[in-house]
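Trainee:
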Amino acid sequence: MAGTKEQAHETSSNGAATEEHGVAVHNPATGEVIATVPDLGADDIARLAAQGRAAQPGWEAMGFDGRARVMRRAQKWLLDNSERVIDTIMSETGKTWEDAGVLELSYGASAFGFWAKHAEKYLRDHKVRSGSLFVFGKKLKVRYRPLGLIGVIGPWNYPLVNSFGDCIPALAAGNAVILKPSELTPLTSILLAEGLAECGIPEHVFQVATGTGDAGRALVDEVDMIMFTGSTETGRKVAEQAAKRLIPASLELGGKDPMIVLADADLERAANSAVFWSMQNAGQTCISVERVYVEAPVYDEFVDKVVGKVKALRQGDPSGGPGSVDVGTLTSPPQQDIIERHVKDATDKGARVLVGGHAGNGASAWEPTVLVDVDHDMACMTEETFGPTLPIMKVADADEALRLANDSPYGLSGSVFTRDINKGEDVARRVEAGAVCVNDVVINYSALELPFGGWKASGLGSRHGANGIRKYCAQQSILISRFHGKRDPQMFPYKAKMSRNLVRLYRFLWGRGNRG
Ligand code: NDP
-19 MAGTKEQAHE
-9 TSSNGAATEE
1 HGVAVHNPAT
11 GEVIATVPDL
21 GADDIARLAA
31 QGRAAQPGWE
41 AMGFDGRARV
51 MRRAQKWLLD
61 NSERVIDTIM
71 SETGKTWEDA
81 GVLELSYGAS
91 AFGFWAKHAE
101 KYLRDHKVRS
111 GSLFVFGKKL
121 KVRYRPLGLI
131 GVIGPWNYPL
141 VNSFGDCIPA
151 LAAGNAVILK
161 PSELTPLTSI
171 LLAEGLAECG
181 IPEHVFQVAT
191 GTGDAGRALV
201 DEVDMIMFTG
211 STETGRKVAE
221 QAAKRLIPAS
231 LELGGKDPMI
241 VLADADLERA
251 ANSAVFWSMQ
261 NAGQTCISVE
271 RVYVEAPVYD
281 EFVDKVVGKV
291 KALRQGDPSG
301 GPGSVDVGTL
311 TSPPQQDIIE
321 RHVKDATDKG
331 ARVLVGGHAG
341 NGASAWEPTV
351 LVDVDHDMAC
361 MTEETFGPTL
371 PIMKVADADE
381 ALRLANDSPY
391 GLSGSVFTRD
401 INKGEDVARR
411 VEAGAVCVND
421 VVINYSALEL
431 PFGGWKASGL
441 GSRHGANGIR
451 KYCAQQSILI
461 SRFHGKRDPQ
471 MFPYKAKMSR
481 NLVRLYRFLW
491 GRGNRG
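Counted from 1, the sequence shown has number 327 at position 347 by my numbering; the numbering is strictly sequential.
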């Protein structure tokens, strides 16, 4: 839909749904319907795409400075409207005030500033020097041109970070963007579209396409590039569809991120990190700690610390505001079935639940759960759980930890805890994942200069850093011949003497490499 205000009006002041044919949005903490948004079909998406394409050249023509002005206004708008943004995120996700306010808001605000400042640096023309004989004396450069219309498909776990966040660099590069948020969490995207409109983004440059997976499918058929975040299963479908159209696709998919705790680690920090990064956002973070491997000598002490900290967590309806609960509800109700299956499968196979293990407080929720005596025959150690669970496994040494950490189809991120930072880096380099922290977890994601992207079934491409904006552009190489004769030596007509001389020259220049 082009105008977000119409959508906002579809939510009545008492929060009840007012539209009969649309997608109902629920507050997962209470189960109440809080809004209904249009369920767009392929024709609607085609109309949005035409509008976006018509608006894009004007946006591109505003240049980096013009676009950066809108981004900086949007940064301020986000902070001026922080309560509204936090309330909206909380209402459709069931996450805590802190998970919405501290994590989502900080990412959005810093991303607007970052891309306003760095877009031009990453995208301006740059000269290239070449060792090729054939281009001697010629001017070589690379330039980046926005692809045109970008589709962003987002998941429900971070409506601001994961859905809207990817739109910011796409817009900063000069593209028009259509965002298809998860049907579970469209309200944050609609609110942010309203904010961008207030900040002066030209009409139709940023549009939100609400609807179900069908709207996502239709979007892939319309755009020049697709940025997808979500499950590996859907990511494969998106990649196949994009491949048929030969459009680029960047995919950030599932993860089963391991934490490795070595015997010399600061156990208090390791335990705090394991508990926080497995339980925050109710474990619904693609780079959360999904499994822990602890060297035998410190296993018992580590488990005791973790159990104490998890027992102290308060899980429940977060509507009490800041500080009221530590762990909120699950955003997607079917997630509860996945978590239950993983816990049951583990206990059926001999694992022990030391804390939690049951459905939690709320319409869709799970108690913070610690599992031990786990192994790789159990789904909780091999499949993405995406919930507030922490399975901990004892290992003999770092080699065994690495073998198990890498025994996964996924490779999104990981972490290593040790006081020996050289050893930590050595172990980190052997983890098969796109991002690994030593004595930290997840916070690499806040460094927007640092590329982030998954290996193996965790994705294709990356976000952040230079590629985080260049991927939204067509790269063009320019060669300019300033000084040249009428004819180059390799051109027709072929003459034996010239051809032999050229080969002699190659021998002189490149033939030495094999002598030694
Ligand atoms: P999906 O991958 O199904 O959904 C992600 C997005 O893709 C949503 O906007 C969805 O729309 C849309 N979509 C669905 N089908 C298609 C399609 N064929 N073509 C284009 N877009 C489509 O994730 P789920 O919500 O089903 O979650 C499933 C699992 O994925 C979770 O259990 C979790 O393990 C993992 N996950 C990983 C995330 C991550 O950050 N890496 C985030 C969320 C989930 P709609 O929601 O309207 O169906």
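Think of the CB as a built atom: it goes at the ideal place given N, C-alpha and C, for glycine as much as any other residue.
Does the ligand SAH have a heavy atom nearer than 6 Å to the CB of Ile133?
Mentor: For the structure depicted, the ligand SAH is absent and the ligand set comprises only the ligand NDP.
Trainee: Considering only their Cβ atoms, is the gap separating Ile240 from Ala381 smaller than 7 Å?
Mentor: Residue numbering aside, residue 381 sits at position 401 when the sequence shown is read from its first letter. Residue numbering aside, residue 240 sits at position 260 when the sequence shown is read from its first letter. Cβ atoms of Ala381 and Ile240: closer than 7 Å.
Trainee: Going by the beta-carbon positions, is the gap between Asp353 and Arg332 smaller than 7 Å?
Mentor: Here residue 353 refers to the residue found at position 373 of the sequence shown. Here residue 332 refers to the residue found at position 352 of the sequence shown. The answer is yes: Cβ separation under 7 Å.
Trainee: Would Thr(-9) be called buried (16 or more neighbouring beta carbons within 10 Å of its own) or exposed?
Mentor: The sequence position of residue -9 within the sequence shown is 11, counting from 1. With a pLDDT of 37 at Thr(-9), under the threshold of 50, the modelled position of this residue cannot be trusted; read the value that follows with caution. Burial call: buried.
Trainee: Does DSSP put Leu20 in a helix, a strand or coil?
Mentor: Here residue 20 corresponds to residue number 40 of the sequence shown, with the count starting at 1. Residue state, collapsed to three classes: coil.
Trainee: Return the chain-ordered ranges of every alpha helix (DSSP H) run that is complete within the segment 88 to 156 and spans a minimum of 4 residues.
Mentor: Those alpha helix (DSSP H) runs which fall completely within the segment 88 to 156 and span 4+ residues are 147 to 152.
Trainee: What does the alpha-carbon distance come out to for the pair Thr214 and Thr327?
Mentor: Here residue 214 refers to the residue found at position 234 of the sequence shown. Here residue 327 refers to the residue found at position 347 of the sequence shown. Straight-line Cα distance between these residues: approximately 29 Å.
Trainee: Do you know offhand how far Lys121's Cα is from Ser110's?
Mentor: The count along the sequence shown starts at 1 and reaches residue 121 at position 141. The count along the sequence shown starts at 1 and reaches residue 110 at position 130. Taking the straight line from one Cα to the other gives about 10 Å.
Trainee: Quick check on Lys430: buried or exposed, where buried means 16 or more other Cβ atoms within 10 Å of its Cβ?
Mentor: Indexing the sequence shown from 1 puts residue 430 at position 450. A quick correction: the sequence has Leu, not Lys, at residue 430. Flag for Leu430 reads exposed.
Trainee: Since Gln279 is in the beta strand (DSSP E), which residue starts that stretch and which ends it?
Mentor: Counting from one through the sequence shown, the residue named residue 279 turns up at place 299. Reading off the sequence, residue 279 comes out as Tyr, not Gln. No beta strand (DSSP E) holds Tyr279; the alpha helix (DSSP H) holding it covers 276 to 291.
Trainee: Are the beta-carbon atoms belonging to Thr76 and Pro298 less than 7 Å from one another?
Mentor: Position 96 of the sequence shown, counted from the start, is the residue given in the question as residue 76. Position 318 of the sequence shown, counted from the start, is the residue given in the question as residue 298. Contact: yes.
Trainee: Rounded to whole angstroms, what's the CA-CA distance from Phe499 to Glu174? Just pull it up for me.
Mentor: A question about residue 499 goes unanswered here, because the residues of the chain that appear run from -19 up to 496.
Trainee: Distance check for Tyr138 and Glu163, CA to CA, integer angstroms please.
Mentor: By one-based count along the sequence shown, residue 163 stands at place 183. By one-based count along the sequence shown, residue 138 stands at place 158. Answer to the nearest angstrom: the Cα atoms are 13 Å apart.
Trainee: Give the straight-line distance between the Cα atoms of Ala91 and Glu363, rounded to the nearest whole angstrom.
Mentor: Locating residue 91 in the sequence shown gives position 111, counting from the first residue. Locating residue 363 in the sequence shown gives position 383, counting from the first residue. Those two C-alpha atoms are separated by around 31 Å.
Trainee: Given 6 Å as the limit, tell me if Phe503 has its C-beta closer than that to any heavy atom belonging to the ligand NDP.
Mentor: Residue 503 is absent from the structure shown; the chain starts at -19 and stops at 496.
Trainee: What number of angstroms, rounded off, separates the C-alpha of Cys95 from the C-alpha of Arg49?
Mentor: Your numbering for residue 95 matches position 115 in the sequence shown. Your numbering for residue 49 matches position 69 in the sequence shown. For the sequence presented, residue 95 should be read as Trp rather than Cys. So the alpha carbons of these two residues sit roughly 11 Å apart.
Trainee: Can you give me the start and stop residues for the beta strand (DSSP E) that Glu232 sits inside?
Mentor: Position 252 of the sequence shown, counted from the first residue, corresponds to residue 232. Note, Glu232: beta strand (DSSP E), 229 to 232.
Trainee: According to DSSP, which residues form a beta bridge with Gln187?
Mentor: By 1-based counting over the sequence shown, the position of residue 187 is 207. In DSSP, Gln187 forms a bridge with Ile158.
Trainee: With a threshold of 6 Å (Cβ to nearest heavy atom), would Cys360 be considered close to the ligand NDP?
Mentor: Sequence index remark: in the sequence shown, residue 360 carries index 380 (1-based). Not so, every heavy atom of the ligand NDP lies at least 6 Å from the Cβ.
Trainee: Per DSSP, what kind of secondary structure is Ile14 in: helix, strand or coil?
Mentor: Here residue 14 refers to the residue found at position 34 when the sequence shown is read from its first residue. In this structure, Ile14 counts as strand in the three-state DSSP scheme.
Trainee: Quick check on Pro37: does DSSP put it in helix, strand or coil?
Mentor: Indexing the sequence shown from 1 puts residue 37 at position 57. Here Pro37 sits in helix by DSSP.
Trainee: Leaving aside the five residues before and after Cys417 along the sequence, list all residues of the same chain whose C-beta is less than 6 Å from its C-beta, in chain order.
Mentor: The sequence position of residue 417 within the sequence shown is 437, counting from 1. Hits under 6 Å: Ser395, Asn424.
Trainee: What's the C-alpha gap between Val108 and Ala153?
Mentor: Counted from its first residue, the sequence shown places residue 108 at position 128. Counted from its first residue, the sequence shown places residue 153 at position 173. Whole-angstrom Cα-Cα distance: 21 Å.
Trainee: Closer than 6 Å to a non-hydrogen atom of the ligand NDP - does that hold for the CB of Asn424?
Mentor: By 1-based counting over the sequence shown, the position of residue 424 is 444. Not so, every heavy atom of the ligand NDP lies at least 6 Å from the Cβ.
Trainee: For the ligand NDP, I want to know if Ser442 counts as a neighbour, meaning its beta carbon is within less than 6 Å of at least one of the ligand's heavy atoms.
Mentor: Within the sequence shown, the letter at position 462 stands for residue 442. Incorrect: Ser442 has no Cβ contact closer than 6 Å to the ligand NDP.
Trainee: Where does Gly394 sit, in a helix, a strand or coil, going by DSSP?
Mentor: Taking the first residue of the sequence shown as 1, we reach residue 394 at position 414. Strand.
Trainee: Between the segment 177 to 194 and the segment 34 to 54, do three or more beta carbon pairs fall short of 8 Å?
Mentor: Contact holds: three or more Cβ-Cβ distances are below 8 Å.
Trainee: For Pro469, which of helix, strand or coil comes out of DSSP?
Mentor: Numbered from 1 along the sequence shown, position 489 holds the residue referred to as residue 469. In this structure, Pro469 counts as coil in the three-state DSSP scheme.
Trainee: Quick one: Cα of Gly210 to Cα of Gly235, how far?
Mentor: Indexing the sequence shown from 1 puts residue 210 at position 230. Indexing the sequence shown from 1 puts residue 235 at position 255. About 10 Å.
Trainee: Give the straight-line distance between the Cα atoms of Ile158 and Ser230, rounded to the nearest whole angstrom.
Mentor: Reading the sequence shown from its first residue, position 178 is the one you call residue 158. Reading the sequence shown from its first residue, position 250 is the one you call residue 230. Between Ile158 and Ser230, the C-alpha separation is close to 15 Å.
Trainee: Is it the case that the Cβ atoms of Trp435 and Glu412 are separated by a distance below 7 Å?
Mentor: Here residue 435 refers to the residue found at position 455 when the sequence shown is read from its first residue. Here residue 412 refers to the residue found at position 432 when the sequence shown is read from its first residue. In this structure, Glu412 lies closer than 7 Å to Trp435 by Cβ.
Trainee: Please list, in chain order, all residues of the same chain as Arg33 whose beta carbon is under 7 Å from its beta carbon, the five residues on each side excluded.
Mentor: To locate residue 33, count along the sequence shown from 1; it is residue 53. Excluding residues within five positions, the ones whose Cβ falls inside 7 Å are Gly128, Leu129, Ala156.
Trainee: Less than 7 Å between C-beta atoms, sequence neighbours within five positions excluded: which residues of the same chain meet that for Gly445?
Mentor: Stepping through the sequence shown from its first residue, residue 445 is reached at position 465. Here the set comprises Glu429, Leu430, Pro431.
Trainee: If you draw a straight line from the alpha carbon of Ser497 to that of Asp420, how long is it in whole angstroms?
Mentor: Absent from the structure is residue 497, since the part of the chain shown begins at -19 and ends at 496.
Trainee: Please tell me whether, using a cut-off of 6 Å, the distance from the CB of Gly526 to the nearest non-hydrogen atom of the ligand NDP is below it.
Mentor: Nothing can be reported for residue 526: it is not among the residues displayed for the chain, which extend from -19 to 496.
Trainee: Exposed or buried, what is Phe44 when buried is set at 16 or more other beta-carbons lying within 10 Å of its beta-carbon?
Mentor: On the sequence shown, residue 44 is found 64 positions in, with the first residue counted as 1. Phe44 should be labelled buried.
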